[in-house]
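Here's the structure, in structure tokens; my notes come after.
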Amino acid sequence: MSALHETVARPPPGTPPIVLFKGICKYFPGVIANQGIDLEVRSGEIHALLGENGAGKSTLMNILTGIYQPDAGEIIVDGYAKTFASPVDAIAAGIGMVHQHFKLVHAFTVAENIHLGWPQTPVRISAKALEARTAELAAALNLAVKPDARVEDLSTGEQQRVEILRVLARQARLLILDEPTAVLTPSEARELFKALREFVSRGNAVVFISHKLDEVMEISDRISVLRGGRKVATEETCDCSQKSLAKMMVGHEIVLNDLRGRAAGATSVSPETVLSLREVSTHDDLGNVALSGVSLDIRAGEILGIAGVAGNGQKELSQVMTGMRPVTSGRIEVGGASFTAADAEQFAAFGVGHIPEDRLHSGLAPALSVTDNAVMREYKKAPVSIGNWFRPRAATALAETIAAAASVAVPDFAMPVRNLSGGNQQRLVARREMRIAGKVLIAAYPSRGLDVGAINTMMRYFVELRDAGVGVVLISEELEELLNLSDRVAVMFHGKIMGIVDGTSTDIEEIGLLMGGRQTTNAPLQSAVH
Amino acid sequence: MAVRFQYFPSPQPAVALLARGLAIVLALVCAGLVLGASGASPIMLGLRVIQSTFGSSFGLQDVGLLVTPLILTGLSVAVALKIGAWNIGAEGQFYAGAFAATGIGLFIPGPTVVILPLMFVGGALGGLVWILILTLARAYAGVSELITTLLLNFVGILLAYYVSTGPWLDPGGHALGATARVRHSVPEIWGDVHWGFPLAILLTLLVAGALNFTRWGYEVRLAGSNAQAALYAGIPFRRHLITVMLLSGSIAGIAGMLELAGTVHRLQGGISNNFGYLGIMVAVLARGSALGVLAGAALMAVILNSGIILQTQGLNTSTVLAITGLILFFTAIGDELAHYRIVPVESKK
Numbered sequence: 017m018s019a020l021h022e023t024v025a026r027p028p029p030g031t032p033p034i035v036l037f038k039g040i041c042k043y044f045p046g047v048i049a050n051q052g053i054d055l056e057v058r059s060g061e062i063h064a065l066l067g068e069n070g071a072g073k074s075t076l077m078n079i080l081t082g083i084y085q086p087d088a089g090e091i092i093v094d095g096y097a098k099t100f101a102s103p104v105d106a107i108a109a110g111i112g113m114v115h116q117h118f119k120l121v122h123a124f125t126v127a128e129n130i131h132l133g134w135p136q137t138p139v140r141i142s143a144k145a146l147e148a149r150t151a152e153l154a155a156a157l158n159l160a161v162k163p164d165a166r167v168e169d170l171s172t173g174e175q176q177r178v179e180i181l182r183v184l185a186r187q188a189r190l191l192i193l194d195e196p197t198a199v200l201t202p203s204e205a206r207e208l209f210k211a212l213r214e215f216v217s218r219g220n221a222v223v224f225i226s227h228k229l230d231e232v233m234e235i236s237d238r239i240s241v242l243r244g245g246r247k248v249a250t251e252e253t254c255d256c257s258q259k260s261l262a263k264m265m266v267g268h269e270i271v272l273n274d275l276r277g278r279a280a281g282a283t284s285v286s287p288e289t290v291l292s293l294r295e296v297s298t299h300d301d302l303g304n305v306a307l308s309g310v311s312l313d314i315r316a317g318e319i320l321g322i323a324g325v326a327g328n329g330q331k332e333l334s335q336v337m338t339g340m341r342p343v344t345s346g347r348i349e350v351g352g353a354s355f356t357a358a359d360a361e362q363f364a365a366f367g368v369g370h371i372p373e374d375r376l377h378s379g380l381a382p383a384l385s386v387t388d389n390a391v392m393r394e395y396k397k398a399p400v401s402i403g404n405w406f407r408p409r410a411a412t413a414l415a416e417t418i419a420a421a422a423s424v425a426v427p428d429f430a431m432p433v434r435n436l437s438g439g440n441q442q443r444l445v446a447r448r449e450m451r452i453a454g455k456v457l458i459a460a461y462p463s464r465g466l467d468v469g470a471i472n473t474m475m476r477y478f479v480e481l482r483d484a485g486v487g488v489v490l491i492s493e494e495l496e497e498l499l500n501l502s503d504r505v506a507v508m509f510h511g512k513i514m515g516i517v518d519g520t521s522t523d524i525e526e527i528g529l530l531m532g533g534r535q536t537t538n539a540p541l542q543s544a545v546h
Numbered sequence: 109m110a111v112r113f114q115y116f117p118s119p120q121p122a123v124a125l126l127a128r129g130l131a132i133v134l135a136l137v138c139a140g141l142v143l144g145a146s147g148a149s150p151i152m153l154g155l156r157v158i159q160s161t162f163g164s165s166f167g168l169q170d171v172g173l174l175v176t177p178l179i180l181t182g183l184s185v186a187v188a189l190k191i192g193a194w195n196i197g198a199e200g201q202f203y204a205g206a207f208a209a210t211g212i213g214l215f216i217p218g219p220t221v222v223i224l225p226l227m228f229v230g231g232a233l234g235g236l237v238w239i240l241i242l243t244l245a246r247a248y249a250g251v252s253e254l255i256t257t258l259l260l261n262f263v264g265i266l267l268a269y270y271v272s273t274g275p276w277l278d279p280g281g282h283a284l285g286a287t288a289r290v291r292h293s294v295p296e297i298w299g300d301v302h303w304g305f306p307l308a309i310l311l312t313l314l315v316a317g318a319l320n321f322t323r324w325g326y327e328v329r330l331a332g333s334n335a336q337a338a339l340y341a342g343i344p345f346r347r348h349l350i351t352v353m354l355l356s357g358s359i360a361g362i363a364g365m366l367e368l369a370g371t372v373h374r375l376q377g378g379i380s381n382n383f384g385y386l387g388i389m390v391a392v393l394a395r396g397s398a399l400g401v402l403a404g405a406a407l408m409a410v411i412l413n414s415g416i417i418l419q420t421q422g423l424n425t426s427t428v429l430a431i432t433g434l435i436l437f438f439t440a441i442g443d444e445l446a447h448y449r450i451v452p453v454e455s456k457k
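The listed protein sequences correspond, in order, to chains H and Y.
Add 16 to the 1-based position in the first sequence for our numbering, that's all there is to it.
Add 108 to the 1-based position in the second sequence for our numbering, that's all there is to it.
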């Protein structure tokens, strides 16, 4: 790998590891989160914890930081067995965690956040003095922050630095980062990596939780892979490849491939626009501007990717494109007709399918049966309904068809749909939506929570639709997934489309810059907005 | 081999049913122990209760009279639950229905054939009006129906007290604190049991059928289970919320009308006998299922009737309240425990 690794100070032999896990078990209702995990984190290393969603990474770290108590096993810190009743105990022992969702007080300044709940904070102190202390700490730890800025005014990358500074200021020797790059642009991520290297070179350690193979390969010294709550292996990073890691993560070899190419008989991208947005603006649930002046054209037979850090208006975009959220200004046209004021029913009736971002909250009624959920889109039509009558048997028959197409094994169609696994729920929703998506499919984060195998199946669904002449909008945080599939990729930032780049002629770096809100001059923009 | 209890998201139906049976038995055992400790013979009392309830047609008739309003108030609460609303106000709507029916029966002249159906409609409308404003408040302003329905109960109860002791007080002086007898009454079908009993069952079957076999029912179940999913599927949640809550109020109003025109015949304070509140228990025992209301109401009627019998044995009526409370308590525990299954612990390597 890089020269960075050679600068690492190796501890003298015989030094106990900073943290040693011995046979940690943790059970949740219906789930084995951790089972018999043995793991050691040595000083001076960046230890990556790799695994799919739900593999048990976060649970293990929450046990280490005292948020959860293990059901079995012990934690040994610097050679002594410890139990942490709360994160306060953990930080006192030098273990601090930066969570995926930051735990900062938005209305407070950086200095106030750093000193909040810290025994070393003087009881009476002026704002100026607090800021001066913060500046000192920041300089000593080489983390650039603005002490007097309010947290709500900071970018996510800056907020993360505040979180890290808060942990390090409390003399943490082990810093745990839970998917720290999920909210960062590529250049912000590089700065973070530099700071982490410096931190471990002073004999400290970092546990780096991620499910991104490339960055794990780049940053870590050793990698532990979890799968289904168990540890699969711990390896030196130099002995690993992305392929071998992916194999350990999912249990079988995976193929990342370019799905942009069309088969011989497939429809090519049609010049006809099926769905178009013109200068569309809308608010989110709290009344803040979520979309401002978005213009997009979706053509039949193409996959249009929407890239961007989550929370930049993607959810609202998918909602206005399916009639779930009214627009405050602008026009929406579907199939040449005005749909600006149409509701979800009219969109669905035209042939707009929608795989929503949060299937349990909007795509499904968790307490209702599998059958009731499967027929949600077609219950008004024969055979499920005849006139005003609903026919439970016909509904179950349709549900069986959908489940079979989704290859989901359902033991009992009358059982609540929440009893199905997350992946099976997602597949069921996808198949249900594909049936009505005669013209357009809006898929928001369809691969979230799925394992690699299920993601590949899902991607093949989209290709199938595209080849049948359906316009597919794929909203995702995974650039690789977008570039594998999309004919064009639109990048969103703060409710705006920063640019639309061609799926064939771009690399991740350019999109990353647009994701960070930077308008590049050399990016091959097809249609510049604003 | 070591085992442990593990929580599962949905209960096992067989265990849940068994737990419900056990809950009733446990509640009775507890009550028996307390009765035994206070000097009575629980077994003798139990036998007497069983004998007087099921051993004579009078006992069964009494149960039949009690079960009719319980089915309807239970149905009222259960139906509102289908759209995700808690109608704690069946008590008030019961009074409003009885009040409206009394007004029509006392002051509109005409033959029973005309007036009785009019009273029925009036009762339903009374209940509907009682829930109307707070339904709109919930639908358009998000005001919690849990509180507003409860508060209107007191208004309904006091309204009945006021008219029956004030303006509508029986001018003949035959009854103290009650209105004059309403001439028109629901015909009897068996002994004291009137046609309200089969009508209540019919209404329950209709509602259960509508929920399961109509498009409207599907939309209500979906919207009640997840309003966000209803929006997603293009189902008008607000419209269904309003219609279902109004239906719920009407059913409770009908319960009040039937109790007045079938059983009591005069409007008086306390006419509801707490049926509105007991309806909440019936709906909870029925786990919100419309058909389950029939079973829940039957159980509750038997318990209420036992209370009346116990009272003749010189026992306080609160014994019965205690038993119903215990049943609900044990049922709640049983429902929770039915989520657990025994699974073997995997042995470590």
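All residues carry an ideal CB built from backbone N, CA and C; glycine is no exception.
All values reported here derive from a predicted model rather than from experimental measurement.
How many Å lie between residue i and residue j at the Cα?
i: A221/H; j: L36/H; result: 13 Å
i: P382/H; j: V237/Y; result: 34 Å
i: G197/Y; j: H348/Y; result: 19 Å
i: K263/H; j: R482/H; result: 29 Å
i: G404/Y; j: I450/Y; result: 29 Å
i: V183/H; j: I34/H; result: 16 Å
i: H115/H; j: R246/H; result: 22 Å
i: M365/Y; j: L307/Y; result: 12 Å
i: R128/Y; j: C138/Y; result: 15 Å
i: R166/H; j: T125/H; result: 4 Å
i: G95/H; j: K38/H; result: 12 Å
i: L399/Y; j: S502/H; result: 52 Å
i: I223/Y; j: P217/Y; result: 8 Å
i: A283/Y; j: R407/H; result: 53 Å
What does the Cβ neighbour count give for residue i, buried or exposed, with the cut at 16 atoms within 10 Å?
i: D170/Y; result: buried
i: C254/H; result: exposed
i: D194/H; result: buried
i: W276/Y; result: buried
i: P462/H; result: buried
i: T137/H; result: exposed
i: Q330/H; result: buried
i: R443/H; result: buried
i: K144/H; result: exposed
Using only alpha-carbon positions, find the residue among the options that is nearest to residue i.
i: G299/Y; options: L125/Y, G370/Y, G357/Y; result: G370/Y
i: V386/H; options: K162/H, V400/H, E416/H, A364/H; result: E416/H
i: G487/H; options: L159/H, M508/H, F366/H; result: F366/H
i: L189/Y; options: T427/Y, T432/Y, L393/Y; result: L393/Y
i: I359/Y; options: I179/Y, G154/Y, L143/Y; result: I179/Y
i: D105/H; options: A123/H, H117/H, W134/H; result: W134/H
i: G132/Y; options: P452/Y, G442/Y, R291/Y; result: Position check: residue 132/Y holds Ile in this sequence, whereas Gly was assumed. If we check each option's Cα against that of I132/Y, G442/Y comes out closest.
i: I192/H; options: A160/H, L76/H, Q85/H, N158/H; result: L76/H
i: P338/Y; options: M340/H, R451/H, L444/H, L190/H; result: For the sequence presented, residue 338/Y should be read as Ala rather than Pro. The candidate whose alpha carbon is nearest that of A338/Y is M340/H.
i: T150/H; options: S142/H, A413/H, A127/H; result: A127/H
i: I241/Y; options: T256/Y, M227/Y, A232/Y, G231/Y; result: T256/Y
Residue i and residue j look like a contact to me (Cβ under 8 Å); what is the Cβ gap, rounded to whole Å?
i: G82/H; j: P103/H; result: 5 Å
i: A421/H; j: R447/H; result: 5 Å
i: A268/Y; j: G377/Y; result: 6 Å
i: T312/Y; j: L429/Y; result: About 25 Å separates the two Cβ atoms, so there is no contact after all.
i: I322/H; j: L490/H; result: 7 Å
Could you work out which residues of chain A lie near residue i, taking near to mean beta carbons separated by less than 8 Å?
i: L339/Y; result: The structure shown has no chain A; the protein chains it does contain are H and Y.
Worksheet item: For the stretch 400–478 of chain H, which segments carrying the beta strand (DSSP E) assignment without a break, of at least 3 residues, lie completely within its bounds, in sequence order?
Response: Here the runs fully enclosed are 456–460.
Discussion item. Restricting to runs no shorter than 4 residues, where is the alpha helix (DSSP H) found entirely within the stretch 84–114 of chain H?
Written reply: The qualifying runs are 103–108.
Worksheet item: Taking the runs of the alpha helix (DSSP H) that are 4 residues or longer, which of them lie wholly in the stretch 215–302 of chain Y?
Response: For the stretch 215–302 of chain Y, whole alpha helix (DSSP H) runs of length 4 or above, ordered along the chain, are 220–249, 253–273.
Worksheet item: Can you list, in chain order, the stretches of the alpha helix (DSSP H) that have 4 or more residues and sit fully within the stretch 347–382 of chain Y?
Response: none
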